[in-house]
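> Would you mind keeping the following structure in view while I ask a few things?
Number of protein chains: 2
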Amino acid sequence: MSLTLYNTLTREITPFTPIESGKVGIYLCGATVQAPPHIGHIRSGINFDILRRWLIASGYCVTFIRNVTDIDDKILHNAIHEEMPWWALAQKYERVFTAAYAELNVLPPTYEPRATGHITQMVELIARLIERGKAYAVANGDVYLDVRALDEYLTLSGQKIDDLQSSPDTDELSLSLKKNPQDFALWKSAKPGEPSWPTPWGNGRPGWHIECSAMAQAYLGEKFDIHAGGLDLIFPHHENEIAQSNGAGYPFAQRWLHNAWVTTAGEKMSKSLGNTLRIHELLKRVRGIELRWYLGSAHYRSMLEYSPEALDESAVNFRRIESFLKRAAAQLGKVPERAIADDFAKAMDDDLAVPAALAVISELVRDGNNAATAKDNALLDRKASEVRGALAVLGCDPWDTTWSSNEAGLSDVLSGLVKTLLDEREAARARKDFASADRIRDSITSLGLTIEDTPEGPRWSK
Amino acid sequence: MSLTLYNTLTREITPFTPIESGKVGIYLCGATVQAPPHIGHIRSGINFDILRRWLIASGYCVTFIRNVTDIDDKILHNAIHEEMPWWALAQKYERVFTAAYAELNVLPPTYEPRATGHITQMVELIARLIERGKAYAVANGDVYLDVRALDEYLTLSGQKIDDLQSSPDTDELSLSLKKNPQDFALWKSAKPGEPSWPTPWGNGRPGWHIECSAMAQAYLGEKFDIHAGGLDLIFPHHENEIAQSNGAGYPFAQRWLHNAWVTTAGEKMSKSLGNTLRIHELLKRVRGIELRWYLGSAHYRSMLEYSPEALDESAVNFRRIESFLKRAAAQLGKVPERAIADDFAKAMDDDLAVPAALAVISELVRDGNNAATAKDNALLDRKASEVRGALAVLGCDPWDTTWSSNEAGLSDVLSGLVKTLLDEREAARARKDFASADRIRDSITSLGLTIEDTPEGPRWSK
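Residue numbers (our numbering), protein chains in the order written: chain A, 5 to 466; chain B, 5 to 466.
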């Protein structure tokens, strides 16, 4: 069996065949860098990181493009609020996103283009659309896509043009300038005090959709394998990307994948709640590897209903798997290799059926623990390697350097070492060897760590 | 006394007065992301990070722009060699530079623009130069700056036009097209197989110099306080930036600062030697904070002659200061605050006289150690705070979270803990308490660390 994937365009799961044998090009709609990420943003990154890792494990060479939207109304608004230039705000949150992705072991994209860095490509695309009669400039310098001039429109969301009231980003002025209320802006004329770039139609800034058509083409070509993004982007963003690129005569993405949301009480995460579900808040509750495990554990097309209890339970489940791997490593005297179990591959090939893959991992762990107890090291080695290989595809290999080299990972090792030393100090005290007990204490404090004796036992901090 | 700085333009140290009171805009020529950085690259980053930190400590609000040159001949060449698209290579090494800067505690710039992201700004600037009669397009689509049409040229390096043979990047074809051999390319017409962007003069790519004129203006305005970079950039790069921006009628940078090189055997670091002096190689020899200390220890306008012995000696000196701070923290029962000693300020205000500042730190440490021995905690606190404050300006505060949260910092603590545990294991063996010895060993290995008994004693690794 080989990989099958859902396609939002056809609403079917079909075999995945790349345009060029052995290679896959993926464009993922990345962050609008207006504020720090919450888990809803990063879930999307993780879902498609799992796709990427599975493609790599299946032998493909993957070019992965994830853009940064660094100019839009909210960025301009927040920059005023935070009293800094809009570009400084965008840079600040681009860095916060990069750090969050890295902390959760999302592979860095092959290229991470910024919207503002691709004005010439957008202008070329808009000029071509105008030339082909699919777009038009109006008196004030706006440029609109004429949706009724397209051969097709709304194929991804399956809506009808006449059912649309008007393009969602429409104000009264633009409504008076547009041919059809459903036409959407490719380019917005400059407003006083706002950033702008020169074009043949006057100074202005890009509409929201044009950047992704231009950047996907710049890095993946006129026709590429997979376009991915969150469910909420199907309309208008992805419909309008298709309209722009097909309208210009380019085949564009051959397959569309959309991840579902993180929900709370059944709703898409609200902005106010999103604030409390920022990555750094949750990393106080669980380790990075556990948060990653949790966010990747649902099928990418299923909603993930967040609750602190669900997160804790998921972390406990993960620690069981991790304990097995550590037990195996201790018994085998080596870190297991990474291998892919047939059943795991079957699950992943079935539209990335992660829940089924997790069931396979549970079985492997059970069999592995039995083998460990029975001292069947050959079987233990095989099972442990298959568990580690599966975890690696999910981005949760405990021996991945991400976890050992970042603060959370090293802190974990560090905690373990301090705990062992504190146990030794207790043992020394118990055998009235106070010289040893003091020596251990001094060694720990000389490293800049603080030990406090509390009624619940000794506690340490940095 | 207030800050005085050297100005390459006038060859004098003069009082620094910002254009707008309380604010400083700095543009630093950053990396051409063609390969990993060696210490010569990062020294420049550290020198001007010290400038930035001193300005911040002096109460200024600093906007710091450091560009990424992500298109040039070497990037195109190396991309062919590494068998990847040029933009993927540029992204790869941009990330390596970012990591190296972060590891050595260089503050991230307010904005880090990429050259390829500013084509429209370059085209606007070139168009303006043509309009003003300072530049001209030729038959093949190249655009050149007419150096003889300028009011002034070569004011920074103090050369005469007639003494220049021809612009350094000139080939035979361009020589035949140019008005004067000294004219330099603002825009290069597209060559087959090379990336290009559209302009009124045809498709092509930027000359090397135009990007910095365009990006400095985009983020700092037509006139700004300080332009910085390596000594080797004075000619042609910075001369040509001045030619472009002044030629277009913009005042541009008011002051020019240039850092000297890291040399080996008196020579600018060669490419082959540079390979062995990569940041990651040197971080095997010393900790990040020690490497930062070493690279920042010479005056920014003095050559820093690298030798392993000099690096080791510098690290030993730093550890003496660090030991004093730890001793002070232990004796005071708290981490000292950050304060600025008058003599330290005086040294830094004198064109960032770091060697004089280091002499002040040595004195403070001596006085502080005497105070510690005399149990004069008030004096100890003051001295320790002044040492910590000085170290913070140099980017070497041991309590800066950079050092405690990155791998090197935590690894250091971790090594200390493992060593203590291994000592305890030896002690347990010596008293024939093999149960304890085994328990300690198991605790360490269960954390994913490996212990190997060697003739020189036990060794551990991750």
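Think of the CB as a built atom: it goes at the ideal place given N, C-alpha and C, for glycine as much as any other residue.
Touch check for the segment 6-14 of chain B and the segment 196-213 of chain B: three-plus C-beta pairs under 8 Å?
Verdict: no, contact absent.
> Under the rule that 16 or more other beta-carbon atoms within 10 Å means buried, what is Cys400 (chain A), buried or exposed?
In the first sequence, counting from the first residue as 1, residue 400 (chain A) sits at position 396. Cys400 (chain A) is buried by the Cβ-count criterion.
> Using the Cα positions of Glu411 (chain A) and Val391 (chain A), report the straight-line distance between them to the nearest angstrom.
To locate residue 411 (chain A), count along the first sequence from 1; it is residue 407. To locate residue 391 (chain A), count along the first sequence from 1; it is residue 387. Interpretation of Glu411 (chain A) is limited by its pLDDT of 46, a score under 50 that renders its predicted location unreliable; the figure taken from the coordinates is listed afterwards. Cα-Cα distance, rounded: 25 Å.
> Using a Cβ-Cβ cut-off of 7 Å, state whether Ser311 (chain B) counts as contacting chain A.
Counting from one through the second sequence, the residue named residue 311 (chain B) turns up at place 307. So no, Ser311 (chain B) is outside the interface.
> Kindly indicate which residue of A:Leu418, A:Tyr97, A:Arg132, A:Trp91 has the alpha-carbon position closest to the one of Gly121 (chain B).
Stepping through the second sequence from its first residue, residue 121 (chain B) is reached at position 117. The residue with the shortest Cα to Cα distance from Gly121 (chain B) is A:Trp91.
> Let me check one thing: in DSSP terms, what residues is Leu4 (chain A) bridge-paired to?
The displayed coordinates of chain A run from 5 to 466. Any statement about residue 4 (chain A) would go beyond what the structure contains.
> What is the DSSP secondary structure of Cys216 (chain B), reduced to helix, strand or coil?
Your numbering for residue 216 (chain B) matches position 212 in the second sequence. Of the three classes helix, strand and coil, the one that applies to Cys216 (chain B) here is helix, per DSSP.
> DSSP on Gly292 (chain A), reduced to helix/strand/coil?
As a working mapping, residue 292 (chain A) is identified with position 288 in the first sequence. Three-state DSSP puts Gly292 (chain A) in a helix.
> For Arg70 (chain A), which three-state DSSP category applies?
Taking the first sequence and counting its residues from 1, the one referred to as residue 70 (chain A) is at position 66. If DSSP states are grouped into helix, strand and coil, Arg70 (chain A) belongs with the strands.
> State the start and end residues of the unbroken beta strand (DSSP E) segment that holds Thr268 (chain A).
Taking the first sequence and counting its residues from 1, one reaches residue 268 (chain A) at position 264. It spans 266-268 - the beta strand (DSSP E) in which Thr268 (chain A) sits, taken as one unbroken run.
> I'd like to know if Ile123 (chain B) contacts chain A, where contact means its C-beta is closer than 7 Å to some C-beta of that chain.
For this step, residue 123 (chain B) is matched to residue 119 along the second sequence. Closer than 7 Å: yes.
> Could you check if Asp146 (chain B) is buried or exposed, using at least 16 other CB atoms within 10 Å of its CB as the buried criterion?
Looking up residue 146 (chain B) in the second sequence gives position 142. Its Cβ being crowded by 16 or more others within 10 Å, Asp146 (chain B) is buried.
> Can you find a CB in chain A that lies within less than 7 Å of the CB of Thr489 (chain B)?
Nothing can be reported for residue 489 (chain B): it is not among the residues displayed for chain B, which extend from 5 to 466.
> Does any residue of chain B bring its CB to less than 7 Å from the CB of Ala412 (chain A)?
Reading the first sequence from its first residue, position 408 is the one you call residue 412 (chain A). Legend: pLDDT at Ala412 (chain A) = 45, less than 50; position of this residue unreliable, value from coordinates given subsequently. False, the Cβ-Cβ gap to chain B never drops below 7 Å.
> Nearest-angstrom Cα distance between Asn374 (chain A) and Leu158 (chain A)?
On the first sequence, position 370 is the one that residue 374 (chain A) refers to. On the first sequence, position 154 is the one that residue 158 (chain A) refers to. Cα to Cα, the separation comes out at about 54 Å.
> For the alpha helix (DSSP H) containing Trp3 (chain B), list its first residue and its last residue.
Beyond the ends of chain B as shown, which are 5 and 466, falls residue 3 (chain B); an answer cannot be given.
> Tell me which residue opens and which closes the alpha helix (DSSP H) that Leu179 (chain B) is part of.
Here residue 179 (chain B) refers to the residue found at position 175 of the second sequence. Element bounds for Leu179 (chain B): 176-181.
> Excluding sequence positions up to five away, which residues of its chain have a Cβ less than 6 Å from the Cβ of Ala94 (chain B)?
The residue you call residue 94 (chain B) lines up with position 90 of the second sequence. Here the set comprises Val37, Asp74, Ile79.
> With a threshold of 6 Å (Cβ to nearest heavy atom), would Glu226 (chain B) be considered close to the ligand MN?
The ligand MN is absent from the structure shown, which contains no ligands of any kind.
> For Tyr64 (chain A), which of helix, strand or coil comes out of DSSP?
In the first sequence, the residue the question calls residue 64 (chain A) occupies position 60. Coil.
> Using three-state DSSP, classify Pro240 (chain A) as helix, strand or coil.
Taking the first residue of the first sequence as position 1, residue 240 (chain A) is located at position 236. Correct three-state label for Pro240 (chain A): helix.
> When burial is assigned at 16 or more other CB atoms within 10 Å of the CB, is Val320 (chain B) buried or exposed?
Against the second sequence, residue 320 (chain B) aligns to sequence position 316. Burial call: exposed.
> Tell me the residue span of the alpha helix (DSSP H) that contains Leu384 (chain A).
Along the first sequence, read from residue 1 onward, the residue named residue 384 (chain A) stands at position 380. 381-397 is the extent of the alpha helix (DSSP H) around Leu384 (chain A).
> Apart from the five residues on each side of it in sequence, which residues of its chain come closer than 6 Å, Cβ to Cβ, to Leu395 (chain A)?
For this step, residue 395 (chain A) is matched to residue 391 along the first sequence. Asp401, listed in sequence order.
> Using DSSP with H/G/I as helix, E/B as strand and the rest coil, what is Arg132 (chain B)?
Translated into the one-based positions of the second sequence, residue 132 (chain B) becomes position 128. Of the three classes helix, strand and coil, the one that applies to Arg132 (chain B) here is helix, per DSSP.
> Taking the C-alpha atoms as reference points, what is the distance between Trp201 (chain B) and Met273 (chain A)?
Counting from 1 along the second sequence, the entry for residue 201 (chain B) is found at position 197. Counting from 1 along the first sequence, the entry for residue 273 (chain A) is found at position 269. For Trp201 (chain B) and Met273 (chain A), the distance between alpha carbons rounds to 41 Å.
> Have a look at Leu426 (chain A) and Gly63 (chain B) and give me their C-alpha separation to the nearest angstrom.
In the first sequence, counting from the first residue as 1, residue 426 (chain A) sits at position 422. In the second sequence, counting from the first residue as 1, residue 63 (chain B) sits at position 59. The straight-line gap from Cα to Cα measures roughly 45 Å.
> Thinking C-beta only, is Ser171 (chain A) closer than 7 Å to Phe239 (chain A)?
For this step, residue 239 (chain A) is matched to residue 235 along the first sequence. For this step, residue 171 (chain A) is matched to residue 167 along the first sequence. Contact: no.
> In terms of residue numbering, what span does the beta strand (DSSP E) encompassing Val469 (chain A) cover?
No answer is possible for residue 469 (chain A): the residues shown for chain A start at 5 and end at 466.
> In its own chain, which residues sit with a C-beta less than 7 Å from the C-beta of Asp353 (chain A), not counting the 5 before and 5 after it?
Here residue 353 (chain A) is taken as the residue at index 349 of the first sequence, counted from 1. Met5, Ser6, Leu7, Thr8, listed in sequence order.
> Looking at Thr67 (chain A) and Thr102 (chain A), is the spacing between their C-beta atoms short of 7 Å?
Your numbering for residue 102 (chain A) matches position 98 in the first sequence. Your numbering for residue 67 (chain A) matches position 63 in the first sequence. No, they are not a contact pair.
> Would you call the CB atoms of Ser249 (chain A) and Ser301 (chain A) closer than 7 Å?
Within the first sequence, residue 249 (chain A) is the residue found at index 245, counting from 1. Within the first sequence, residue 301 (chain A) is the residue found at index 297, counting from 1. Not in contact: Ser249 (chain A) and Ser301 (chain A) (Cβ atoms no closer than 7 Å).
> Report the rounded CA-to-CA distance for Leu235 (chain B) versus Asn263 (chain B), giving the unit in angstroms.
To locate residue 235 (chain B), count along the second sequence from 1; it is residue 231. To locate residue 263 (chain B), count along the second sequence from 1; it is residue 259. One C-alpha to the other measures close to 6 Å.
> Just to confirm, are Leu108 (chain B) and Ile46 (chain B) a CB contact at a threshold of 7 Å?
Here residue 108 (chain B) corresponds to residue number 104 of the second sequence, with the count starting at 1. Here residue 46 (chain B) corresponds to residue number 42 of the second sequence, with the count starting at 1. Yes.
> Is Ala92 (chain B) close to chain A, meaning its C-beta is less than 7 Å from at least one C-beta of that chain?
Taking the first residue of the second sequence as 1, we reach residue 92 (chain B) at position 88. Yes, because at least one Cβ of chain A sits closer than 7 Å to the Cβ of Ala92 (chain B).
> Considering Arg99 (chain A), what are the terminal residues of the alpha helix (DSSP H) in which it resides?
By one-based count along the first sequence, residue 99 (chain A) stands at place 95. Taken as a continuous stretch (DSSP letters only), the alpha helix (DSSP H) holding Arg99 (chain A) covers 90-107.
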